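Participant:
Chains as they are written, first to last, in the working numbering: chain A, 1 to 245; chain B, 1001 to 1332; chain C, 2001 to 2303; chain D, 3001 to 3282.
(1) For residue 3235 of chain D, would you say it is in contact with chain G, using Cβ-to-Cβ distances shorter than 8 Å as the test?
(2) Identify the continuous beta strand (DSSP E) that holds residue 209 of chain A and give its terminal residues.
(3) For the stretch 2178-2204 of chain C, enumerate the residues whose C-beta is nearer than 7 Å to any C-beta of chain A, in chain order.
(4) Could you give the residue range of the alpha helix (DSSP H) that holds residue 2257 of chain C?
(5) So the alpha helix (DSSP H) residue 83 of chain A belongs to, where does it begin and stop?
(6) Among B:1310, B:1150, B:1187 and B:1100, whose alpha-carbon lies nearest the alpha-carbon of residue 3147 of chain D?
(7) Within its chain, find whatever has a CB closer than 8 Å to the CB of residue 1177 of chain B; leave out the 5 residues flanking it on each side and keep chain order.
(8) For residue 1212 of chain B, would you say it is in contact with chain D, using Cβ-to-Cβ distances shorter than 8 Å as the test?
(9) Of all the residues that make up the stretch 1169-1197 of chain B, which are near chain D by a beta-carbon distance shorter than 9 Å?
(10) Applying the 10 Å Cβ sphere with the 16-neighbour rule, what's the burial state of residue 1132 of chain B?
(11) What's the C-alpha gap between residue 2286 of chain C and residue 2293 of chain C?
(12) Suppose the cutoff is 6 Å on Cβ atoms and the five residues either side in sequence are ignored; what does the same chain contact list for residue 3266 of chain D look like?
(13) For residue 1025 of chain B, is the classification buried or exposed, using 16 other Cβ atoms within 10 angstroms of its Cβ as the cut-off for buried?
(14) Along chain D, in chain order, which residues have C-beta atoms closer than 7 Å to that of residue 1201 of chain B?
(15) Taking 8 Å as the threshold (C-beta atoms), are residue 3199 of chain D and residue 3058 of chain D in contact?
(16) Can you tell me the Cα-Cα spacing of residue 32 of chain A and residue 1059 of chain B, whole angstroms?
(17) With which residues is residue 247 of chain A paired in a DSSP beta bridge?
(18) Could you name the residues that DSSP lists as bridge partners for residue 232 of chain A?
(19) Please confirm whether residue 2173 of chain C has its beta-carbon closer than 8 Å to some beta-carbon of chain B.
(20) Using a Cβ-Cβ distance under 8 Å, would residue 3125 of chain D count as near chain B?
(21) At a CB-CB cut-off below 8 Å, which residues of chain B make contact with residue 2142 of chain C?
(22) Is it buried or exposed for residue 1 of chain A, if we count other Cβ within 10 angstroms and need 16 for buried?
(23) 8 Å is my cut-off, CB to CB: does residue 1278 of chain B come that close to chain D?
(24) Tell me the rounded alpha-carbon separation between residue 1273 of chain B and residue 1281 of chain B.
(25) List the endpoints of the continuous alpha helix (DSSP H) containing residue 1250 of chain B.
(26) Alpha carbon to alpha carbon, how far is residue 3215 of chain D from residue 3223 of chain D? Give it in angstroms, no decimals.
(27) Return helix, strand or coil for residue 1118 of chain B, following the three-state DSSP convention.
(28) Measuring straight from C-alpha to C-alpha, what distance separates residue 2113 of chain C and residue 2087 of chain C?
(29) Between C:2095, C:2082 and C:2169, which lies nearest to residue 1300 of chain B when the distance is taken from Cα to Cα?
(30) In chain order, what are the residue ranges of uninterrupted beta strand (DSSP E) at least 3 long that sit wholly in the stretch 2141-2211 of chain C?
(31) Is the Cβ-Cβ distance between residue 1296 of chain B and residue 2154 of chain C less than 8 Å?
(32) In or out: residue 1078 of chain B buried (at least 16 other Cβ within 10 Å) or exposed?
(33) Against chain D, which members of the stretch 183-196 of chain A pass a CB distance test of less than 7 Å?
(34) What does a CB cutoff of less than 6 Å around residue 3021 of chain D pick up in its chain, not counting 5 residues either side in sequence?
(35) List the residues of chain A that residue 3062 of chain D touches, going by C-beta distances under 7 Å, in chain order.
(36) I want to verify the contact list: residues of chain C whose CB lies under 7 Å from the CB of residue 1312 of chain B, in sequence order.
If you want it as structure tokens, here you go:
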């Protein structure tokens, strides 16, 4: 498998705050890679930097060995990276259909492509077809998540960046969403998944990284991470409790 | 980060000298320049007073008020009407104008004070326009329509001292401006001024820090309007006539620019802004019809190169020393 | 009854001017959160451009294309010219200031407005200019006892075509959806592959272009234009924008038309002198009860 | 799961916590069936919370659980759609934030909300606003009383600034100091209102390990001053490290509460945080 996306020693600053302190990771063709970490660890920052929304202080981001530093966000989409942002961020006053159309904005002139692409999305998320003329703000949280993912798939990306797809969803829906992520991956789309729901994410991922306050502290195969006590500690603060005792 | 207390203290001493120097300059100016320029400087003073009054609302609290001339109009017409019909002396009408303008502000702003940014902005524009149009329509035959009210007296302190020429008016307005500045500097250095600035910085944080946001916003409007009313009183007695076109939307926009060109919430900034707005057209009089064109270009260039204003307010240690406090009192 | 209908028609005509201008304010505000104070003056500039093409400068457009053809030609040229002027203003007066926040942009916009207004005065002179009746046919039609001028019909038809067209672009096309998406959330819009700069260029060209066309029509309808007209119309149109809910395209149209009708009804039932007072009072009342205008979104700040 | 509904249990629990101190703590803040809706979404659902005097209580739960909404209702930014908030036995319904702070509840925000263009000292002085009273005219005229009060405000603010360790930044604009310092400044501003209850919304987010440790020490120190703390926190190291009592929230409801150890090993909590284990489920 060849490397599709590569991040090398990436540093990102918000003003004077260092949000990412030089992290490196890679996603190979066809892989599901997950980045775990608590709130504020810098997970969303990583994804926003990859899709060109944040200026890069130092380090490199490469897609197929082509550097993405300082490439404008809309060109990165054309390159085959699609980013489903945290909190879904559907365009609430637009209909479901319009949201999906915007997902394929870079190829908006190709009516045939859009039609086919939409069919593919409807296959994955049949509920969207039923709701296609509804304002997306009136959808439930789970439906909005599906719309956001469907919108991200409209451009037929090579790699899909998913930011906390399980956020605020009921357990049953989370299960469904993760199944769909697997299905998307089966279609040959690589996935970089950022999650707080560590167990779920590790159950579908090939490999994983744990991000803590801007640094990658643990990385490895998903199956190894799953049984790693350190991951649990990183999440539930076991270390501090032990120290207190 | 530069953090040197000495620098601040030096700055403070320097500023005091500057203040005294400027004050002396203002006192001797009428002896140097001709009557025409004394008049120009009088109007500079009026603009300065208006700028200071708008600065409370816009600069200190960050509320978009583009109808501020309406408050001045209320003050000016209060003076004009009460003076010409009942013969009440101008000097008594000075506080009356302030109170009527302030009361008007309280009445009209109470229901709309919760509006945000641009919505508040259009409401203040509307308010200013309502005032101007109403005055223009001569309601109950008291405002004289578009001709306005004329025959207003000069301010007089009994029969001893009458403000009746350009030089006297010059000293009169700048005395008021001077007193206003002292009052406003004191306010800036009080919990009131701090509360205003907090609201400007972050309304929700201000409310959660224990500041009654609604009350302090209204207070700013009422005080600002009151000061504008004072300006209206002086303006009316100087011109001896008030008419609606003096209080147009365009004038309100100019006041807005005074505050922003000088620097939001900065008192020296307001003076500089007022000087720019009132002196610029005079200085460029030779360019006749091009002067406003140049003026507009200057505004754009100003904002590109100094978006924070010419003399933005600086904050530091010296700010907290109350203006008239003895040196020994500090640090207790 | 007839008088009411005639007044309604008058109000609708004026209202469609307001609506066309208001669209420019609203589009720019929607995406940039900036009140383009120079917009009213761009409208006035359009009016003067039309005047040059149709009346002075040997009435080039009228001579070449005839009365109606000349009118269409003048409107198209005004649209293009003012569109370019609009984008130029964005480049020169606004773009360098975006990072500094919103307030400096207000001053810069006022500066740009003064420049255009006085530019018009320098070029065309300070006195109001008049259209002669040869350029604009003054035909009064009588439909079922209701008097309506030919010009009024023309204005209404063109305005509604323009508004319909814009409505179609903004509400029905993917490009329009992209504009609305940018207004909602610029970052996420960029993630869709939308080039924000194209959108900014478009709104600063299209808004003023509509205003320029309205300017030509206002000139022909009233037959008299002055260099200060930008402020009066601009203020009214801005009021209409807020009335409808700023940033909302259908809101701007409804706000404009409503404002025109209110103004006319006010002048009939209250008094001509107080019609503007009436309009502003209605605006304030609307905002007291609907703080973000008739069709505006409720803004809930996340804490 | 420790479900606590009566005062007896509170007393027993606090007794355990304050071994030897021989002090019985009373409930200072209590929410009773608190409900808050946004449109159709129920953000907080019949939520009961108790915060005991002199303790650090933590409210935890996954993202979107409704924790911050609870804070916003308690501090008066949102109005409750149902239920009550009782502070020292008094119903806070209909009170505005500035009135609530006067009663003694001060707060900080998830995304630090400072007065960025004011100095650090001014920020803390602003906190004293609700404890001072001089009006407009005395300020304009700078009466002796006003001068005295202003010096008092300044002195108190300086002490608070020293307490949070930011004395040397007193004249620097709040926006110019480091992120960790901004967090502390916000806490200093809240403390300057002389609160009985300090409500902190994710105080450690964005801090590094050292700063988090310092923060924990600081919080442990200030509660000795007869202060109560209610905390929302994602960093479990902080929660487990300093809390006396932990309440867990998910989807607007309380799913567990208890001593930190109890919560740490509670399967429902683990599930809310780590998700259900596939194997266990199937």
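For each residue, glycine too, the CB sits at the ideal point set by N, CA and C. It should be emphasised that the depicted structure is a prediction, and the values quoted were computed from it without experimental measurement.
Facilitator: Quick answer:
(1) The structure shown contains no chain G; its protein chains are A, B, C and D.
(2) Residue mapping note: residue 209 of chain A aligns to position 209 of the first chain, counting from 1. It spans 207-212 - the beta strand (DSSP E) in which residue 209 of chain A sits, taken as one unbroken run.
(3) 2178, 2180, 2181, 2184, 2185, 2187, 2188, 2190, 2191, 2192, 2193, 2194 and 2195
(4) Within the third chain, residue 2257 of chain C is the residue found at index 257, counting from 1. Counting along the chain, the unbroken alpha helix (DSSP H) around residue 2257 of chain C starts and ends at 2249-2269.
(5) On the first chain, residue 83 of chain A is found 83 positions in, with the first residue counted as 1. Per DSSP, residue 83 of chain A belongs to no alpha helix (DSSP H); it is in the beta strand (DSSP E), 81-84.
(6) Mapped onto the fourth chain, residue 3147 of chain D falls at position 147. Among B:1310, B:1150, B:1187 and B:1100, the Cα nearest to that of residue 3147 of chain D belongs to B:1187.
(7) Residue numbering aside, residue 1177 of chain B sits at position 177 when the second chain is read from its first letter. These residues qualify, in order along the chain: 1045, 1048, 1049 and 1052.
(8) Position 212 of the second chain, counted from the first residue, corresponds to residue 1212 of chain B. It does: the Cβ of residue 1212 of chain B has a partner Cβ on chain D nearer than 8 Å.
(9) 1182, 1183, 1184, 1186, 1187, 1189, 1190, 1191, 1192, 1193, 1194, 1195 and 1197
(10) Taking the first residue of the second chain as position 1, residue 1132 of chain B is located at position 132. Flag for residue 1132 of chain B reads buried.
(11) Counted from its first residue, the third chain places residue 2286 of chain C at position 286. Counted from its first residue, the third chain places residue 2293 of chain C at position 293. Those two C-alpha atoms are separated by around 7 Å.
(12) Numbered from 1 along the fourth chain, position 266 holds the residue referred to as residue 3266 of chain D. Taken in chain order, the residues that qualify are 3256.
(13) Taking the second chain and counting its residues from 1, one reaches residue 1025 of chain B at position 25. Exposed.
(14) Taking the second chain and counting its residues from 1, the one referred to as residue 1201 of chain B is at position 201. What residue 1201 of chain B touches in chain D: 3115, 3116, 3117 and 3118.
(15) Position 58 of the fourth chain, counted from the first residue, corresponds to residue 3058 of chain D. Position 199 of the fourth chain, counted from the first residue, corresponds to residue 3199 of chain D. For residue 3058 of chain D and residue 3199 of chain D, no; Cβs fall outside 8 Å.
(16) Against the first chain, residue 32 of chain A aligns to sequence position 32. Against the second chain, residue 1059 of chain B aligns to sequence position 59. For residue 32 of chain A and residue 1059 of chain B, the distance between alpha carbons rounds to 53 Å.
(17) Nothing about residue 247 of chain A can be read from this structure; chain A reaches only from 1 to 245.
(18) One-based indexing of the first chain puts residue 232 of chain A at position 232. Bridge partners of residue 232 of chain A: none, in fact.
(19) For this step, residue 2173 of chain C is matched to residue 173 along the third chain. No - not a single Cβ of chain B is within 8 Å of the one on residue 2173 of chain C.
(20) In the fourth chain, the residue the question calls residue 3125 of chain D occupies position 125. Taking Cβ atoms only, chain B reaches closer than 8 Å to residue 3125 of chain D, which makes this a yes.
(21) Here residue 2142 of chain C refers to the residue found at position 142 when the third chain is read from its first residue. The premise fails here: residue 2142 of chain C is roughly 34 Å from chain B at the closest Cβ pair, so nothing lies under 8 Å.
(22) One-based indexing of the first chain puts residue 1 of chain A at position 1. Result: exposed.
(23) To locate residue 1278 of chain B, count along the second chain from 1; it is residue 278. No - not a single Cβ of chain D is within 8 Å of the one on residue 1278 of chain B.
(24) Position 273 of the second chain holds residue 1273 of chain B. Position 281 of the second chain holds residue 1281 of chain B. Cα to Cα, the separation comes out at about 13 Å.
(25) The residue you call residue 1250 of chain B lines up with position 250 of the second chain. Where residue 1250 of chain B is concerned, the enclosing alpha helix (DSSP H) stretches over 1249-1262.
(26) As a working note, residue 3223 of chain D is residue 223 in the fourth chain. As a working note, residue 3215 of chain D is residue 215 in the fourth chain. Between residue 3223 of chain D and residue 3215 of chain D, the C-alpha separation is close to 13 Å.
(27) Within the second chain, the letter at position 118 stands for residue 1118 of chain B. DSSP, reduced to helix, strand and coil, places residue 1118 of chain B within a helical segment of the structure shown.
(28) Within the third chain, the letter at position 113 stands for residue 2113 of chain C. Within the third chain, the letter at position 87 stands for residue 2087 of chain C. Straight-line Cα distance between these residues: approximately 14 Å.
(29) The count along the second chain starts at 1 and reaches residue 1300 of chain B at position 300. Here the closest residue by C-alpha is C:2095.
(30) Along the stretch 2141-2211 of chain C, the beta strand (DSSP E) occurs as fully enclosed runs of 3 or more residues at 2146-2149, listed in sequence order.
(31) By one-based count along the second chain, residue 1296 of chain B stands at place 296. By one-based count along the third chain, residue 2154 of chain C stands at place 154. Going by C-beta atoms, residue 1296 of chain B is not nearer than 8 Å to residue 2154 of chain C.
(32) Against the second chain, residue 1078 of chain B aligns to sequence position 78. With 16 or more Cβ atoms within 10 Å of its Cβ, residue 1078 of chain B is classed as buried.
(33) 196
(34) By one-based count along the fourth chain, residue 3021 of chain D stands at place 21. At residue 3021 of chain D, the pLDDT of 44 sits below 50, so the modelled position is not reliable; the number obtained from the coordinates is stated separately. Cβ neighbours of residue 3021 of chain D beyond the five flanking positions: none.
(35) Within the fourth chain, residue 3062 of chain D is the residue found at index 62, counting from 1. Neighbours of residue 3062 of chain D on chain A, chain order: 196.
(36) In the second chain, the residue the question calls residue 1312 of chain B occupies position 312. What residue 1312 of chain B touches in chain C: nothing, since even the nearest Cβ is about 12 Å away.
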